[in-house]
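Following: one structure in structure tokens, then a few remarks.
Number of protein chains: 2
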Amino acid sequence: MEKVFKALADPTRRRILQLLRTRAMSAGEIADRFTLAKATLSGHFAILRAADLIDAERRGSTIIYRLNLSVLQEALLEFAEAFGIGRDGSRIRRRSGEAAG
Amino acid sequence: MEKVFKALADPTRRRILQLLRTRAMSAGEIADRFTLAKATLSGHFAILRAADLIDAERRGSTIIYRLNLSVLQEALLEFAEAFGIGRDGSRIRRRSGEAAG
DNA sequence: CATATATTTCGGTATTTGCCTAAATACCGT
DNA sequence: ACGGTATTTAGGCAAATACCGAAATATATG
């Protein structure tokens with residue numbers, strides 16, 4: 060959870076996740092969409108990987124990154140539920156200290 | 060959105076929001092629940108306020124902070140929708156580039 | 001006005017972050 | 001094994017962050 064929030068704090072990393080939303084991409088393919096140095100992007104990949112938000116798969120000489128949507132989902136949902144925030148905008152009141160389903 | 064994610068990146072600030080979940084509290088009341096200096100907490104309040112995640116209301120000599128849940132809600136929902144993440148865990152597929160809800 | 005209380009602002013330090021270039025590693029084709 | 005492409009790791013720098021104690025501000029009260 061901590062690592063996920065730290066990872067999401069950077070706009071470049073959020074953009075990377077957005078890019079991977081539609082399909083998996085190689086490190087270079089992603090890097091081409093940014094004006095940053097490849098080494099810089101590589102650092103961002105490492106952080107996203109440490110947060111388990113993306114998976115890396117070596118495919119020959121390239122490395123394919125894939126969005127791990129379920130982890131993003133879990134983290135967001137867990138956080139939202141802690142505040143009783145529902146999809147429809149409703150707030151579910153809980154007795155203080157009670158955990159969300 | 061940027062400010063919200065930056066604000067949420069720090070665990071102390073997330074704890075502050077959690078504290079305000081049940082009821083509004085004065086700065087001092089909040090500070091008493093941390094081992095950090097009041098000045099440090101005051102800085103965190105400023106960041107949360109800049110992100111519009113909390114509202115401040117002067118009440119005599121104290122300042123009452125209140126969680127601005129709707130802003131947290133909006134930010135989280137907007138982000139989740141961009142990834143097609145639904146409350147039930149389902150993923151809604153969209154044509155690339157198409158905006159959510 | 002003087003004092004007390006609540007909170008913020010200021011000035012400083014240590015750590016972390018984001019970026020870069022250069023060098024290292026991994027894999028491929030010849 | 002050699003040269004080329006893809007990617008990461010290493011080293012370094014500037015800016016941002018998180019923290020603190022001290023000083024400043026605002027409010028209430030005697």
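Going line by line, the protein sequences match chains C and B.
Numbered according to the working numbering, the first sequence spans residues 60 to 160.
Numbered according to the working numbering, the second sequence spans residues 60 to 160.
Where is the CB? At the ideal position from N, CA and C, for every residue including glycine.
Here the stretch 93-105 of chain C makes no contact with the stretch 131-144 of chain C; the two share fewer than three CB pairs at distances below 8 Å.
Judged by DSSP in its simplified three-state form, C/T94 adopts coil rather than helix or strand. Residue state for C/R118 is assigned as strand, using DSSP reduced to three classes. DSSP, read as helix, strand or coil, puts B/R125 in strand. Only exposed fits C/R92, as fewer than 16 other CB atoms lie within 10 angstroms of its CB.
Residue contact with chain C for B/R80: present (Cβ-Cβ distance below 7 Å to some residue of chain C). The beta-carbon of C/A105 is placed no less than 7 Å from the nearest beta-carbon of chain B.
Take the alpha-carbon of C/R125 and the one of C/I113: they are about 5 Å apart.
With respect to B/K62, B/A110 sits close: the two C-beta atoms are nearer than 7 Å.
The alpha carbon of B/S129 has as its nearest neighbour, out of C/Q132, C/A83, C/G145, C/L131, the alpha carbon of C/G145. The beta carbon of C/I89 sits closer than 7 Å to the beta carbons of I75, L78, L100, Y124 from its chain, once the five residues preceding and following it are set aside; these are given in chain order. For the 7 Å CB-CB criterion, C/A68 and B/K65 form a contact.
For C/F142, the C-beta contacts it makes with chain B under 9 Å involve L76, Q77, R80, L126, L128, L131, Q132, L135, in order along the chain. Within the same chain, Cβ atoms closer than 7 Å to the Cβ of C/R72 are found at A66, H103, I106, L107, the five residues on either side in sequence being excluded. Its Cα nearest to that of B/S85, the residue B/R117 stands out among B/L131, B/R117, B/N127. Burial state of B/L131 is buried, judged by a 10 Å Cβ sphere holding 16 or more other Cβ atoms. The residue among C/G87, C/K97, C/R82 with its C-alpha nearest the C-alpha of C/S120 is C/G87.
Cβ neighbours of B/I122 within its own chain (closer than 8 Å, five residues either side excluded): S85, A86, A115, E116.
Taking the Cα positions, B/K97 is about 47 Å away from C/R82. Residue environment analysis places C/L136 among the buried positions, since at least 16 neighbouring C-beta atoms fall within 10 angstroms of its C-beta.
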